[in-house]
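Working notes, structure below.
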Amino acid sequence: MIEFKDVSKTYPNGTKGLKHVNLKIEQGEFLAIIGLSGAGKSTLIRTINRMIDITEGELTVDGTNVMSLKGKDLRQFRRKIGMIFQSFNLVTRSTVIKNVLSSNVPDMPWYKTFFGIYSKEQKVRALEALDKVHILDKAYSRCDELSGGQMQRVALARTLNQNPSIILADEPVASLDPIIADVVMSDFARINKELNISVFINIHHVDLALKYATRVIGIRAGEIVYDGPTKDVTQEVLNLVYMGKEVPVAGEKIEIEGMVIEQ
Amino acid sequence: MTDIKQFQAQENILEKLYSEPKNLWKRILIILFIVGLMIWGASGTKIGIDEKGLNLAKSIFSGITHPETLLLFNLTEKGIPYLVLETIAIAFLSTVIGSILAIPVSFLSSTNIVPKPVAYVFRAIVLFIRTIPSLVWALIWVRVTSTGPFCGVVTQSVCSIGMISKLNVTAIENLDTGVLEALDACGANTFEKIRVGVLPQLSASFVSTAIYRFDINLKDATILGIVGAGGIGFPLDAAINSARWSRVGAFLIVLIIMVVLIEFISTKIRARLARGRS
Amino acid sequence: MTETKTKKPPLFDRILKPEHIVLDNGHAVDRPRSRTPLFVLLILVGVVISAKTTGFDIAMFVKRFNQLPVILGQILQPNFEFFGEVWPKLVETIKMSIVGTVAGCIVALPLAIVASANIVGSKVILWFFRILISVVRSLPAVIYAYIFKFVFGMGTFAGSLAIAVFTVGIVAKMLYENIETIDMGAYEAMQSFGATTLQSFWTACMPQILPQYLDNCLYSFELNIRQSSILGYVGVGGLGVLIKERIALRAYEDAGMIFLMIFVVVFSIDLINDRIRGIILRRKK
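Residue numbers (our numbering), protein chains in the order written: chain X, 1 to 263; chain R, 264 to 541; chain E, 542 to 826.
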């Protein structure tokens, strides 16, 4: 369970990333976080594994106070949280399986890391992770030979290989075309259901968010303006999240991230 | 049913596992090769340091860390300020002469400007200049100019021609010929084509190369002193030979500061040249 | 107009005001004055001062220039019988460069890592190592060899060490510049699942910089072969000893043979290196 208690984040330059966020998320939820660019979606997600420090309030993950962690404890804590990035963040010059295996590195002795030696058991686990995202046949290809959708699946396999209880995904489908984006989202949904992993996704595509998530959080200028089940998300909610008012002026057209919402 | 499915999954995973391309041997071979080279290279080398060497090391260290500061403020021809000026003067003058002489040489060695046989003749000359180390060039030029900073200027000018031409040729051969075509189309003659179409493309890279060479000349000027071709290397050589380590320390510190500073400045200038005027 | 001019024009443009050109249709444009005359003037002044300082004497140069063709003529007629004497020294030179290059390249790698702004957070550590690398680079190998000779004796060890120190300087510099241009995404990902800085660097960044690192090592090897041939001049073994001796004796035909052999070796190593580069580049694709 993840709990945000009155969490705020102020960046060193004075920008408010988050303002008094209160949230409670149970294990196994599929959460979509929607909002404009710069609204604080990334900040919210990155505070959970402390890629970003919070400045006020308390954030607990499965009973651990995140801000109390340091050094080795923090790295140990991050082992059970997977993270997926918009730009995939793979070692493109390495093979697919090497990338998946890289999530074993923190638990390995230094000389094995140094020479890149992995055990047979680790390799089998990595291949199984690749199989789960249907990309087993590419195991020994180099990452730079893959398409964007395939790369994001490799990143997903890398995360699965670390056996996480939570997956944080920061705009995972933003650089993919609509059809591939749908496939990758369905991968997330399947993993969420089959393995009971909590999934947090920052997403611009509202339609994909509504199609796959079980719960939606709308964030605007660092504040949570909507938090509820997907089925309750109405046009008014979207207006509130994206335009700050529930009832827009008739005929007003607003462009959001290349997508036009017409009233 | 699920058991069979899982078993199949295991099977295809194992199959994939055994299909892993084996390149471990290749890696081991490369490592063995490098280790072997090292062992062969080190064979016959007496590694180690004797009592005498250790004592010398100590006195060198203490000398270098306690430099003779008096020399820094000596304004005669033996003082460091004058020597620095002389070293920079050698490097500067030879860079200017070298880069001016390199311009015709580089055009004459570019296959897209002159016929191939001509280009290859000039390339052979450039190659010859580059093959003989600068120290040796100094030893040869000494016969013409006798010792002193003038020898340094001549030597470095010649060595500069070698390197600068090589870099310039690359720039010339990468010329964008589209502009020349455009000039042809509006009826320009050869001279006009060079002035309007070629020079603007090359001037920045030529200047950049010259500045780069200035750095190298400055560093090399210290070596040339050892064979008597002027600059700060000459008294440095004398100081090392007579084991006056605190004097060596003073020279080295000034040398290092001079080189690091000028390299810093020239890197800035070259970065600006590459970007174009801001 | 005043709104767009938030930045102060450079000093030059304030002294020599840009030419204001008004077209017939009323549109105006400012043409900044060319800086070229200023630079040419500065260079001319520099040349005059330098010529005075160095005792530049074109008359003497012309008068005694006839010495040069004689010497070069002899160099270009190498004495092939001298091969037997050059060979062992040549091997010594190559050995010295190999040991120096490999040792230097190995030391340069960690040094380059701690001098890369995208890996090391602390500005103090960063600048300490950068200045260290610059200082090491500022002295040529000959000077190192000269000083090491006193400590380690006349053998090739001092030479190898000098080459190694020089190699550390150049390879570390090139390498940290390369490291700073790599994509840090994979590094960030590894941090996100709990890897240490070193683990993340080794697994995520090393595959990216390996080809460039090898390329730098090959480049330094080419440079070192050329360099080490003259190290012997200050007495640390290799061909330089012979070069010094033969030129002092004015036996230019023998020296010519030495240069011919250096040329052949440098040329072959260039060829081999190009092959290796080809392999590395093909894998890069």
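No residue lacks a Cβ here, since even glycine has one placed at the ideal position from N, Cα and C.
- Near chain X, meaning a CB-to-CB distance below 9 angstroms, no residue of the segment 302-330 of chain R qualifies.
- Only Thr394, Ile395 and Pro396 from the segment 370-396 of chain R bring a Cβ to less than 7 angstroms from some Cβ of chain E.
- Using a CB distance below 7 angstroms, no part of the segment 753-769 of chain E faces chain X.
- Under the 8 angstroms criterion on CB atoms, Pro412/R is classed as interfacial with respect to chain E.
- Among the bridge pairs identified by DSSP, Tyr281/R is matched with none.
- Within chain R, Ile276, Lys279 and Leu280 have C-beta atoms less than 7 angstroms from the C-beta of Leu127/X, given in sequence order.
- Interface annotation for the segment 228-241 of chain X against chain E: empty, criterion Cβ-Cβ distance under 9 angstroms.
- Distance from Glu56/X to Val7/X at the Cβ level is roughly 7 angstroms; contact confirmed, criterion being Cβ atoms closer than 8 angstroms.
- Put simply, the CB of Glu349/R is far from chain X, with every gap to its CB atoms at 8 angstroms or more.
- DSSP places Val7/X in the strand class (E or B) of the three-state scheme.
- Asn192/X carries a helical assignment under DSSP once its states are collapsed to helix, strand and coil.
- Under the Cβ criterion of 8 angstroms, Glu729/E is counted among the residues facing chain X.
- The three-state secondary structure of Tyr118/X, taken from DSSP, is coil.
- Shortest Cα-Cα distance from Val184/X to any of Met151/X, Asn49/X, Ile33/X and Leu210/X involves Met151/X.
- In the DSSP assignment, Pro578/E falls within the alpha helix (DSSP H) that extends over Thr577 to Thr595.
- The three-state secondary structure of Lys70/X, taken from DSSP, is coil.
- For Val216/X, the uninterrupted beta strand (DSSP E) segment begins and ends at Arg215 to Arg220.
- In this structure, Leu716/E is the residue among Phe691/E, Leu716/E, Lys664/E and Ile654/E with its C-alpha nearest to the C-alpha of Tyr760/E.
- Within the same chain, and ignoring the five residues on either side of Ile135/X in sequence, the residues whose Cβ sits closer than 8 angstroms to its Cβ are Val96, Gln150, Arg153, Val154 and Ala157.
- Counting along the chain, the unbroken alpha helix (DSSP H) around Ser638/E starts and ends at Phe624 to Val655.
- Taking C-alpha positions only, Ser591/E is separated from Ile366/R by approximately 21 angstroms.
- By the Cβ-count criterion, His329/R is exposed, with fewer than 16 other Cβ atoms from all chains shown falling within 10 Å of its own Cβ.
- Not a single CB atom of chain R sits nearer than 8 angstroms to the CB of Gln749/E.
- The beta carbon of Lys482/R lies closer than 8 angstroms to those of Val522 in the same chain, with the five residues before and after it left out.
- Residue-level contact check: Met601/E touches chain R, since one or more beta carbons of chain R fall below 8 angstroms from its beta carbon.
- Counted as a single uninterrupted DSSP element, the stretch harbouring Asn719/E is not any beta strand (DSSP E) but the alpha helix (DSSP H) occupying residues Thr697 to Ile720.
- When rounded, the separation of the alpha-carbon atoms in Val661/E and Met243/X is 41 angstroms.
- For the segment 696-727 of chain E, the beta-carbon criterion of a distance under 7 angstroms to any beta-carbon of chain X is satisfied by Gly726 and Ala727.
- Counting the other CB atoms within 10 Å of its CB gives Ser372/R a total of 16 or more, which places it among the buried residues.
- With respect to chain X, the C-beta atom of Glu444/R has no partner C-beta closer than 8 angstroms.
- With a cut-off of 8 angstroms on Cβ pairs, the segment 772-785 of chain E is in contact with the segment 631-645 of chain E, counting three or more such pairs.
- Taking the Cβ atoms as the reference, Ile654/E lies roughly 6 angstroms from Phe742/E, within the contact range of under 8 angstroms.
- Not flagged as an interface residue toward chain R: Leu652/E, since no C-beta distance is shorter than 8 angstroms.
- In the DSSP annotation of this structure, Leu36/X is not part of any beta strand (DSSP E), being labelled neither H nor E.
- Contact holds between the segment 78-86 of chain X and the segment 167-181 of chain X, because three or more Cβ pairs, one in each stretch, are under 8 angstroms apart.
- Residue burial is scored here from C-beta neighbours: Ser428/R has at least 16 other C-beta atoms within 10 angstroms and is therefore classed as buried.
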